[in-house]
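All you need for the numbering used here is the position in the sequence shown, starting with 1, plus 45. C-beta: ideal position from N, C-alpha, C; glycine also. Please read all numbers here as calculations on a predicted model, not as lab measurements. A short worksheet on the structure shown next.
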Amino acid sequence: MGKRKAQAARGSAGREQLENGEVPVVGAREPCPCGSGRRYKACHGRAASHAAQELVRRPFEGLAGEADWIALRELVPAATAELTVRPEYLEHAVGDGPVRVVLATVLPMAWPALRRADGTVLVGLQTNAATGDASRDAAQALLAALATEPGSPVAAGRAEPGAPRLQDVLDPSAVLEPAVHEGFDFWLDQALADGAEPAAEVRESLDRANATVIPTVRLGGGLEAAYWCAAGERNHLRWVLPHDEERLLDAVARLYAAGEAGLGEGTRFVGSFRAHGLAVPVWDLPTDMAAEAVEGPAAEWLGRFEKALAADAPLTAEERRARSGLTNRQITLS
Numbered sequence: 046m047g048k049r050k051a052q053a054a055r056g057s058a059g060r061e062q063l064e065n066g067e068v069p070v071v072g073a074r075e076p077c078p079c080g081s082g083r084r085y086k087a088c089h090g091r092a093a094s095h096a097a098q099e100l101v102r103r104p105f106e107g108l109a110g111e112a113d114w115i116a117l118r119e120l121v122p123a124a125t126a127e128l129t130v131r132p133e134y135l136e137h138a139v140g141d142g143p144v145r146v147v148l149a150t151v152l153p154m155a156w157p158a159l160r161r162a163d164g165t166v167l168v169g170l171q172t173n174a175a176t177g178d179a180s181r182d183a184a185q186a187l188l189a190a191l192a193t194e195p196g197s198p199v200a201a202g203r204a205e206p207g208a209p210r211l212q213d214v215l216d217p218s219a220v221l222e223p224a225v226h227e228g229f230d231f232w233l234d235q236a237l238a239d240g241a242e243p244a245a246e247v248r249e250s251l252d253r254a255n256a257t258v259i260p261t262v263r264l265g266g267g268l269e270a271a272y273w274c275a276a277g278e279r280n281h282l283r284w285v286l287p288h289d290e291e292r293l294l295d296a297v298a299r300l301y302a303a304g305e306a307g308l309g310e311g312t313r314f315v316g317s318f319r320a321h322g323l324a325v326p327v328w329d330l331p332t333d334m335a336a337e338a339v340e341g342p343a344a345e346w347l348g349r350f351e352k353a354l355a356a357d358a359p360l361t362a363e364e365r366r367a368r369s370g371l372t373n374r375q376i377t378l379s
């Protein structure tokens, strides 16, 4: 009778939790807290696992500078940006004094985050996906770093479904201002300032990372998320645009059919990437065309693009063929 009473009690507790809409997360092989009598992985754990892996199409939507977030995640080798965290998430940070939080494209040893000896938090964006939501993954790493003693890296972990995302943790009014670097020497800023010798594995990781860096420059002149780079025998412009992808493809198809998709003599529009829900048009540039020389032609192209974007007439047969070609050549990065 005692066993039956215990099972009944678990079932009653489980029904109450289900009514409240909450089932605690437990080990995969433990009994599910809902009282079903099944193991967690075969019961509510299955839905939790599915939720964790469900792909968020535009993980950075709603953040200031969404297009630059995508560029730092997928295109730019070495860059940093200051982040402004909401006060309610900073008040429980380990350590004394104000905490500086910095976004970085890549960190040593591919750490998701680290806490420097001075208390600064560095959050890596180009990490292996722990879930289907890059925003939740980055927020998990940031919060874990705030709870970590200064001088320590953060181990990779998986955010629970419903955990805060960057959109919850960051101040929505703060502007993202990426600073592109020639290499990853910023990893050692604190160590060099303190006169300390970095660990051998960090130095080796730095050397490997620096050897892979493609020279990259973020264009100015009000051209957001437009990045010039020198890769191989050609220079390129890769530009993350914040517009709806379908409308963007229509507009670019109009320009392509009209012979206006390029950036001037010696340049060639070659197609686009798809990354985190946005399109990234790409151009080949002459090797002698530096980043500064691209800004003027890019601004002129933007004017033509916005005019084409505003057009509401159906695509012509030639424009439809151009659009089909653009779609067939599009490469998905994420």
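- Between the region 329-336 and the region 299-306 there are fewer than three C-beta pairs closer than 8 angstroms, too few to call the two in contact.
- For residue 342, the uninterrupted alpha helix (DSSP H) run begins and ends at 336-355, by DSSP.
- Residue 118: member of the alpha helix (DSSP H) spanning 111-119, first to last residue.
- The distance from the Cβ of residue 260 to that of residue 274 is about 6 angstroms, consistent with a contact at the 8 angstroms cut-off.
- Here residue 258 is not near residue 115, since their CB atoms are 7 angstroms or more apart.
- Here residue 220 is exposed. Its C-beta has fewer than 16 other C-beta atoms within 10 Å.
- In the DSSP assignment, residue 368 falls within the unbroken alpha helix (DSSP H) covering 362-374.
- Membership of residue 227 in any beta strand (DSSP E) is not indicated, and neither H nor E is assigned to it by DSSP.
- Around the beta-carbon of residue 280, 16 or more other beta-carbon atoms lie within 10 Å, marking it buried.
- Here residue 349 is near residue 305, since their CB atoms are less than 7 angstroms apart.
- In the structure shown, residue 208 falls within a coil segment according to DSSP collapsed to helix, strand and coil.
- Taking the C-beta atoms as reference points, residue 168 is found no nearer than 7 angstroms to residue 191.
- Rounded to the nearest whole angstrom, the CA to CA distance from residue 369 to residue 100 is 26 angstroms.
- If you draw a straight line from the Cα of residue 367 to the Cα of residue 295, it is about 9 angstroms long.
- Minimum Cα-Cα distance from residue 113 among the listed residues 146, 321 and 339 corresponds to 321.
- Beta-bridge analysis with DSSP links residue 273 to 262 and 282.
- The beta carbon of residue 154 sits closer than 8 angstroms to the beta carbons of 198, 246, 247 and 250 from its chain, once the five residues preceding and following it are set aside; these are given in chain order.
- For residue 297, the enclosing alpha helix (DSSP H) starts and ends at 290-302.
- Less than 7 angstroms separates the beta-carbon of residue 201 from that of residue 157.
- Straight across, the Cα-Cα distance linking residue 266 with residue 308 is about 16 angstroms.
- The continuous alpha helix (DSSP H) containing residue 248 extends over residues 245-256.
- The straight-line gap separating the alpha-carbon atoms of residue 215 and residue 256 is approximately 33 angstroms.
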